[in-house]
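Each remark here refers to the structure printed beneath this line.
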Amino acid sequence: MSPIWFLSLLLLTCLLLAAFKRKKQQRGPPSPPGFPIIGNLHQLGELPHQSLWRLSKTYGPVMFLKLGRVPTVIVSSADTAKQALKTHDIHCCSRPSLVGPRELSYNYLDIAFAPFDDYWKELKKMCVQELFSAKRVHSIQPIKDEEVKKLIDSVAASASQQTPVNLSEKFLSLTVGVICKAAFGVSFDATVLNNDRFDKLIRESFLFLGSFSASDFFPNGGQIIDRLTGLQGRRERSVKDLDTFYEQMFDLHEQGNKEGVEDFVDLLLRLEKEETVLGYGKLTRNHIKAILMNVLIGAIGTSAITMTWTMTELMRNPRAMKKVQSEIRNQIGNKSVITLDDTEKLHYLKMVIKETWRLHPPAPLLVPREVMSEFEINGYKIQPKTRLYVNVWAIGRDPDTWKDPDVFLPERFIDNNIDAKGQSFELLPFGGGRRLCPAIYMGTTMVEFGLANMLYHFDWKLPEGMGVEDIDMEESPGLNVSKKNELLLIPVKYLN
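All you need for this note's numbering is the position in the sequence shown, starting with 1, plus 1273.
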């Protein structure tokens, strides 16, 4: 073969290889087949995080779906989550501009759903400084002590009668009591909502914010569908109750703070009165309600859900229950009050909580992001305007990351530097990147403190006739996935 022919063949081969490589790089992620108009919506099911996890076993950790008219990418492994939330965080840290009843109801201008702009950054900074900082968390410890004492006294009364306690309800009441006083400056008893109504309101908020409504995916006709199914009407009633709660708090604050101490709501109302500008506009009353909605969902629900799942897993694993109670009781000794410093030394309890977050992340599908500029994950092109979800629930069950992923084994975190602060992408209960939840420290200390007290002061038994194999592990649908059925246990007072 002549040199010219050889060079020509070599050049042609190089061009073909380059074209093949470019074509491969430009291809989108694999996708399950869908139907016209609805795309893959029919494959989501009641619990989308589980349905998407099953689909990812076939189509891989980067998967494309068409949800109605919305292009969507799901990432389901620690490595792909790291690429999205760290390597390419700046390309996909905005939020989708959702339409329909949720936008009208909740304004979508709070920390979780605001676009990535100066407004969001200033708002997050203010919330961290005034509500979620370590200094602020330590300052509200007396409130926690008071609310935990109420909880202990209530459970002790049931222990004396040997009657079951609804721990799901008790943990929710605990976090409501702490947050209402710490963030809103009012006792829960001072509001117009009773415990039953407030519990229902919080649960419905989780359900509505986490649901996949027709108006999200069919902007031109979805609202009609939501109206016909009754979803929009239920949301409007829920929002009306939330507004009643907010307005009641505003009235109490505007009547004057008897102690003369400015709390978070006082601060927001003062900023509104001073016509403070955040980013692109003035802080309004509707903005304040949206911020408070975030506090309710982020601070109250997630802590209660984690405590309930932790107690559920401990009841299913008596060995872990015995080990964590021994640690707590040996550390606390004969003290009648557990302090924040005490919980810092409870290393096995921290491992138990991390293992619970692995199996039961409060938000199994992180709040969706919207891609702002093109980038790649695993060589797949992710286009602008694509909605991106991180399936944290699937990551926690990935056998490539976790040995025996279905087994509750807190010891897997011994000599392990994986934490829940957003830098270990194997464990993301609070998200990661620029959208990392600002309430990590508040939420973590609330969970540790509540569980430490319940495990120190009481032993726990299943209701009569019930065995470990009968413990229900079903999940409820929604933004934050709680236990579908209440956790009922019989407390036995621990005599130290």
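Backbone N, C-alpha and C define an ideal beta-carbon position, used for all residues, glycine too.
Since the structure is predicted, the reported quantities are computational estimates derived from the model, not experimental observations.
Query raised in the report: Would you say S1367 and L1338 are within 8 Å of each other, going by their C-beta atoms?
Result: It is not a contact, given that the beta carbons lie outside the stated cut-off.
Requested in this report: Counting only the same chain and skipping the five closest in sequence on each side, list residues whose C-beta sits under 7 Å from that of G1333.
Outcome: Cβ neighbours of G1333 beyond the five flanking positions: P1303.
Requested in this report: Give the range of the alpha helix (DSSP H) segment to which I1564 is assigned.
Outcome: That run of the alpha helix (DSSP H) goes 1558 to 1568.
Query raised in the report: Would L1565 pass as a contact of S1511 if the rule is Cβ separation under 8 Å?
Result: Cβ distance not < 8 Å, so L1565 and S1511 don't count as in contact.
**Report entry** Exposed unless 16 or more other CB atoms sit within 10 angstroms - verdict on D1516
**Finding:** Burial call: exposed.
Report task. Could you work out which residue in R1708, Q1598, I1413, C1453 is closest to H1526 when comparing CA atoms only? Result -> The residue among R1708, Q1598, I1413, C1453 with its C-alpha nearest the C-alpha of H1526 is C1453.
**Report entry** Inter-residue Cα distance where the pair is P1772 and E1742
**Finding:** Outside the shown range of the chain, which is 1274 to 1769, sits residue 1772, and nothing can be said about it.
Query raised in the report: Is it right to say F1491 is buried, meaning 16 or more other beta carbons lie within 10 angstroms of its own, or is it exposed?
Result: Looking at its Cβ environment, which holds 16 or more other Cβ atoms inside 10 Å, F1491 is buried.
**Report entry** Span separating the alpha-carbon of E1535 from that of S1609
**Finding:** Distance between the alpha carbons of E1535 and S1609 is about 31 Å.
**Report entry** Helix, strand or coil at T1353 according to DSSP, with G and I counted as helix
**Finding:** Helix.
Query - Buried or exposed (CB count within 10 angstroms, at least 16 for buried), G1499 - result: In the sequence as presented, Gly is not what sits at residue 1499; that position holds Asp. Classification of D1499: buried, given that the 10 Å Cβ count is 16 or more.
Query raised in the report: Which partner residues of E1748 appear in the DSSP bridge assignment?
Result: Residue pairing from DSSP places E1748 in a beta bridge opposite K1756.
Query raised in the report: So, are the CB atoms of R1707 and D1362 less than 8 Å apart?
Result: Yes, the pair counts as a contact, with Cβ atoms nearer than the cut-off.
Query raised in the report: Can you round the beta-carbon distance between V1720 and T1579 to whole angstroms, since I take them to be within the 8 Å contact cut?
Result: With 8 Å as the limit, V1720 and T1579 qualify as a contact, their Cβ atoms being about 5 Å apart.
Query raised in the report: On the three-state DSSP scale, how would you describe P1764?
Result: P1764 falls in the strand class under three-state DSSP.
Query raised in the report: When the Cα atoms are used, what is the spatial distance from S1441 to N1559?
Result: Whole-angstrom Cα-Cα distance: 31 Å.
Query raised in the report: Between the stretch 1662 to 1672 and the stretch 1627 to 1645, are three or more C-beta pairs nearer than 8 Å?
Result: Between the stretch 1662 to 1672 and the stretch 1627 to 1645, the count of Cβ pairs shorter than 8 Å is three or higher; the stretches touch.
Query raised in the report: Which runs of the alpha helix (DSSP H) spanning at least 4 residues fall entirely within the stretch 1394 to 1425, listed in chain order?
Result: Uninterrupted alpha helix (DSSP H) stretches at least 4 residues long and entirely within the stretch 1394 to 1425 occur at 1407 to 1412, given in chain order.
Query raised in the report: Under three-state DSSP, which class holds K1658?
Result: Coil at K1658, not helix or strand.
**Report entry** Straight-line Cα distance separating M1594 from D1692
**Finding:** So the alpha carbons of these two residues sit roughly 22 Å apart.
Query raised in the report: Closest by CA to L1728, which one among Y1714, L1762, L1752?
Result: Closest option to L1728, Cα to Cα, is L1762.
Requested in this report: Report the rounded CA-to-CA distance for L1735 versus M1588, giving the unit in angstroms.
Outcome: Inter-residue distance for L1735 and M1588 is about 8 Å (C-alpha atoms, whole angstroms).
Query raised in the report: Should S1488 be labelled buried (16 or more other beta-carbon atoms within 10 Å of its own) or exposed?
Result: Buried.
**Report entry** Range covered by the alpha helix (DSSP H) that runs through V1782
**Finding:** For residue 1782 there is no data in the structure shown, the boundaries of the chain being 1274 and 1769.
Query raised in the report: Roughly how many angstroms lie between the CA atoms of L1760 and E1699, to the nearest whole one?
Result: Inter-residue distance for L1760 and E1699 is about 28 Å (C-alpha atoms, whole angstroms).
Report task. Can you check the stretch 1686 to 1730 for any beta strand (DSSP E) of at least 3 residues that lies completely inside it and give the ranges in chain order? Result -> DSSP runs (the beta strand (DSSP E)) wholly in the stretch 1686 to 1730: none.
Query raised in the report: Expressed to the nearest angstrom, what Euclidean distance is found between the alpha-carbon atoms of L1619 and S1576?
Result: Those two C-alpha atoms are separated by around 18 Å.
Query raised in the report: Which runs of the beta strand (DSSP E) fall wholly inside the stretch 1621 to 1652 and span at least 3 residues, in chain order?
Result: Within the stretch 1621 to 1652, the runs of beta strand (DSSP E) that reach at least 3 residues and sit entirely inside it are, in chain order, 1648 to 1650.
Requested in this report: Keeping to the same chain, check which residues put their C-beta closer than 7 Å to that of N1607; ignore five residues upstream and five downstream.
Outcome: Hits under 7 Å: N1769.
Requested in this report: Using a threshold of 8 Å, state whether the C-beta atoms of T1225 and T1345 are closer than that.
Outcome: Only positions 1274 to 1769 of the chain appear in the structure, and residue 1225 is not among them; the question remains open.
Requested in this report: Following the continuous alpha helix (DSSP H) through L1443, name the residue where it begins and the one where it ends.
Outcome: A small correction: the amino acid at residue 1443 is Lys; Leu does not occupy that position in the sequence shown. Per DSSP, K1443 belongs to the alpha helix (DSSP H) from 1440 to 1455.
Query raised in the report: Are I1561 and L1541 closer than 8 Å when you measure CB to CB?
Result: Yes, Cβ-Cβ distance for I1561 and L1541 is below 8 Å.
**Report entry** S1431 versus K1766: straight-line alpha-carbon distance, rounded
**Finding:** Pairing S1431 with K1766, the inter-Cα distance amounts to about 10 Å.
Query raised in the report: If you follow the beta strand (DSSP E) that T1345 is part of, which residue opens it and which one closes it?
Result: Per DSSP, T1345 belongs to the beta strand (DSSP E) from 1343 to 1348.
**Report entry** Option nearest N1726 by Cα separation, candidates I1413, P1641, E1600
**Finding:** Nearest C-alpha to N1726: E1600.
Query - Buried/exposed call for A1456, threshold 16 Cβ in 10 Å - result: Buried.
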